[in-house]
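Below is one structure, written out as structure tokens; comments come after it.
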Amino acid sequence: MKSKIKYSTIFILLTVLLISCDNYLERYPLNSPSDATFLSNQTELEMAVAGCYNAMWTKVQSMPFHLVFDQISDIGWDRNGSALQAVGRGSADSRNSDILGLWTNLYKGIAKCNYVLTNMERGQENIPTDLYNQSKAEVRFLRAFYYHYLAELFGGIPLVTQPLTLSEANIPRSSKADVVDFILSELDECANDLPQGNDPISGRATRGAAWAIMSRVALYNEKWDVAISSAQKVMALEGVEYELSSNYMDLFQYAGQESKEIILSVQFLKGEQMHSMFRFFGTRNAKGHTNKKPSYQTADSWECIDGLQIDESSLFDPQHPYENRDPRLGYTLSLSGSIFLGFQYETHGDSLYCWDYNQNPPKRISNLEATHAYATFSGIGWRKYADNLDKDAVNDSELNTIIIRYAEVLLNYAEAKISSGSIDQTVLDAINKVRQRPSVEMPPLTTTNAEDLKYAVRRERKYELSCEGLRLFDIRRWGIAENVMNLPVLGRMKKSYPLISPRVDEYGTSYYDDIPIADQGESADFKMRVVEIRSFDKNRDYLWPIPYIEMDTNPEMVQNPGYGD
1 MKSKIKYSTI
11 FILLTVLLIS
21 CDNYLERYPL
31 NSPSDATFLS
41 NQTELEMAVA
51 GCYNAMWTKV
61 QSMPFHLVFD
71 QISDIGWDRN
81 GSALQAVGRG
91 SADSRNSDIL
101 GLWTNLYKGI
111 AKCNYVLTNM
121 ERGQENIPTD
131 LYNQSKAEVR
141 FLRAFYYHYL
151 AELFGGIPLV
161 TQPLTLSEAN
171 IPRSSKADVV
181 DFILSELDEC
191 ANDLPQGNDP
201 ISGRATRGAA
211 WAIMSRVALY
221 NEKWDVAISS
231 AQKVMALEGV
241 EYELSSNYMD
251 LFQYAGQESK
261 EIILSVQFLK
271 GEQMHSMFRF
281 FGTRNAKGHT
291 NKKPSYQTAD
301 SWECIDGLQI
311 DESSLFDPQH
321 PYENRDPRLG
331 YTLSLSGSIF
341 LGFQYETHGD
351 SLYCWDYNQN
361 PPKRISNLEA
371 THAYATFSGI
381 GWRKYADNLD
391 KDAVNDSELN
401 TIIIRYAEVL
411 LNYAEAKISS
421 GSIDQTVLDA
431 INKVRQRPSV
441 EMPPLTTTNA
451 EDLKYAVRRE
461 RKYELSCEGL
471 RLFDIRRWGI
481 AENVMNLPVL
491 GRMKKSYPLI
501 SPRVDEYGTS
511 YYDDIPIADQ
521 GESADFKMRV
531 VEIRSFDKNR
541 DYLWPIPYIE
551 MDTNPEMVQN
561 PGYGD
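If you read the sequence shown in UniProt numbering, its first letter stands for residue 1, the second for the next number, and so on.
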């Protein structure tokens with residue numbers, strides 16, 4: 001897939017040339033592709049398919065788009081004062097630049113796919129049948145994948161399946177239900193022509209990836225039977241193509257890029273396509289900015305090692321809140337008192353010095369996590385996707401980012417089975433495989449009570465999948481966004497911890513009813529800091545606004561409720 005990055009760049013240039021050409025005397029160029037003949041041979045088809053992957057590298061605030069959604073959910077926050085922060089805060093409108101950018105880039109990806117699918121027959125006789133069919137299936141997969149995000153973010157959208165002329169461009173929105181049916185049909189039909197083998201570092205669509213994304217799309221849209229059957233197809237390949245990694249943390253580091261748990265990931269390459277995850281998540285001591293942060297409440301979500309939530313477990317000590325906890329807490333977050341990126345990570349306000357373990361012998365240095373004005377808003381940070389191998393090039397990471405992995409498929413299966421009322425031992429087996437992988441080893445679930453399992457699997461998704469871009473979609477589809485997104489984003493007490501546990505509900509959301517919270521301008525040394533006040537309108541904010549340019553140029557377009565015309 002690394003070479004596909006270069007191919008995609010070439011295809012973009014070719015597409016621009018083709019689109020901008022006049023039909024001057026209908027003369028075909030002799031030394032470059034013509035719009036009338038392009039895709040007539042294998043090389044051109046391979047370049048075109050590679051170009052269809054380009055939207056996978058779409059970024060929002062220089063962050064891979066598929067990971068950004070946690071930063072505008074209840075578990076994350078964007079410090080930048082950006083268009084992205086406005087979305088999380090509940091003040092975004094149809095002119096929001098990040099919303100417009102994502103809409104535009106995903107539809108550009110769809111347009112490339114439509115061009116290839118419409119014109120690839122030109123070379124069918126010149127291309128081996130298997131390669132032709134696989135190429136067509138890859139492009140259909142990508143188009144469905146891009147539509148998946150658009151439908152979940154905006155609801156009903158224009159469903160475009162062929163290139164449009166300017167006179168054809170004004171088309172109305174299809175219903176979300178129709179778009180979802182199209183996505184599922186496309187993924188189902190293209191799966192058999194995709195390769196079965198799992199190559200985690202190829203970055204290409206596979207049969208398992210089609211089934212895995214099907215399980216997600218169907219789950220999100222309450223098509224339980226489809227979610228179950230799609231997940232089962234992936235699960236049938238466990239031990240052959242897919243398996244859970246024994247080292248949870250390695251999945252999000254260079255060391256784990258070849259794990260068979262990874263079903264589909266976005267490939268990055270120095271000098272071609274890179275991202276800035278180290279700068280976003282890395283600490284000030286490590287030359288990062290930590291400007292994408294988890295809320296303090298997020299750290300209180302994970303259970304204690306006895307399998308009980310922190311407000312129920314005798315193992316929880318409010319003054320040492322990160323001891324005796326689910327190991328995934330420390331794998332997901334950088335916690336005060338831990339070692340992160342080779343530094344002692346300490347956010348206590350009096351810790352003016354810390355240890356730098358990147359030096360031999362270790363050396364005491366000034367602790368920017370306690371003294372820098374922008375370092376300790378919440379007192380914790382994200383650990384996933386911050387690898388110390390990127391410490392000398394904080395904006396130029398080529399660490400691949402995961403779109404979907406086997407653990408999510410198992411949890412999709414379990415949730416769909418529970419929601420459909422078909423609870424059996426396979427539900428517990430699926431959840432417990434995730435909970436009991438080596439390096440996690442949490443107590444197994446044993447209950448078969450439908451209500452208890454409903455909440456258990458929803459909490460498990462938070463424990464397992466935080467910082468992977470799925471949380472926003474979960475809180476929306478469960479209908480709890482109107483509750484959790486109206487809570488303030490909190491930061492730690494700068495010189496203490498709460499004396500008691502917060503109250504934790506059935507979803508793993510923490511409430512600080514009896515814990516002091518600082519008022520604006522008040523010292524937060526011994527009170528929780530309010531990082532951001534948010535607002536979520538249940539009549540509007542479950543969908544994003546259609547970008548203004550679409551409303552201005554397409555008279556057939558109807559805006560989502562609450563955003564005006």
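By construction, the Cβ of each residue, glycine as well, lies at the ideal position given by its N, Cα and C atoms.
Query, Result
"Evaluate the contact criterion for the stretch 204-220 versus the stretch 136-151: three or more CB pairs, one atom per stretch, below 8 Å.", "yes"
"Measuring straight from C-alpha to C-alpha, what distance separates Phe-340 and Arg-435?", "24 Å"
"Does the distance from the C-beta atom of Tyr-248 to that of Arg-437 stay below 8 Å?", "yes"
"Please say whether Arg-458 and Tyr-296 have beta carbons closer to each other than 8 Å?", "no"
"Suppose contacts are defined by Cβ-Cβ distances below 8 Å. Is Leu-39 in contact with Gly-109 by that definition?", "no"
"Could you pull the DSSP bridge partners for Gln-344 from this structure?", "Ile-339"
"Nearest-angstrom Cα distance between Ile-171 and Gln-162?", "12 Å"
"Within this structure, are the beta carbons of Tyr-406 and Tyr-242 separated by less than 8 Å?", "yes"
"Cutting at 8 Å between CB atoms, please list the residues of its own chain near Tyr-563, excluding the five before and the five after it.", "Asp-93, Ser-94, Arg-540, Pro-545, Ile-546"
"Counting C-beta neighbours from all protein chains within 10 Å, is the total for Ala-210 16 or more, i.e. buried, or is it exposed?", "buried"
"Apart from the five residues on each side of it in sequence, which residues of its chain come closer than 8 Å, Cβ to Cβ, to Cys-304?", "Ile-310, Ser-313, Leu-315, Phe-316, Asn-324, Arg-325, Asp-326"
"Let me know if residue 570 comes out buried or exposed under the rule of 16 or more other beta-carbons within 10 Å of its beta-carbon.", "Coverage of the chain is limited to positions 1 through 565, which leaves residue 570 absent and any answer about it impossible."
"Whole-angstrom Cβ separation of Gly-197 and Val-234, contact assumed at under 8 Å?", "With 8 Å as the limit, Gly-197 and Val-234 do not qualify as a contact, their Cβ atoms being about 13 Å apart."
"Would you please state the rounded distance, in angstroms, between the beta carbons of Pro-64 and Thr-332? I believe it to be under 8 Å.", "In fact, because the Cβ distance is near 17 Å, the residues do not count as touching under 8 Å."
"Tell me the residue span of the alpha helix (DSSP H) that contains Val-427.", "425-435"
"Who are Lys-292's beta bridge partners in DSSP?", "Asp-78"
"Look at the alpha carbon of Trp-382 and the alpha carbon of Ser-301, and state the distance between them as a whole number of angstroms.", "14 Å"
"Any idea which residues DSSP pairs Glu-464 with across the strands?", "For Glu-464, which the question treats as bridged, DSSP gives no partner whatsoever."
"So what does DSSP say about Leu-67, is it helix, strand or coil?", "helix"
"Can you have a look at Thr-553 and say buried or exposed, based on whether 16 or more other CB atoms are within 10 angstroms of its CB?", "exposed"
"For Gln-308, which residues from the same chain have a beta carbon less than 7 Å from its beta carbon, with the 5 sequence-adjacent residues on both sides left out?", "One detail in the question is off: residue 308 reads as Leu in this sequence, not Gln. So the list is empty, once near-sequence residues are dropped."
"Report yes or no: do three or more beta-carbon pairs, one from the stretch 274-284 and one from the stretch 402-421, lie closer than 8 Å?", "no"
"Among Glu-398, Asp-537, Asp-519, Asn-483, which one has its Cα closest to the Cα of Glu-272?", "Glu-398"
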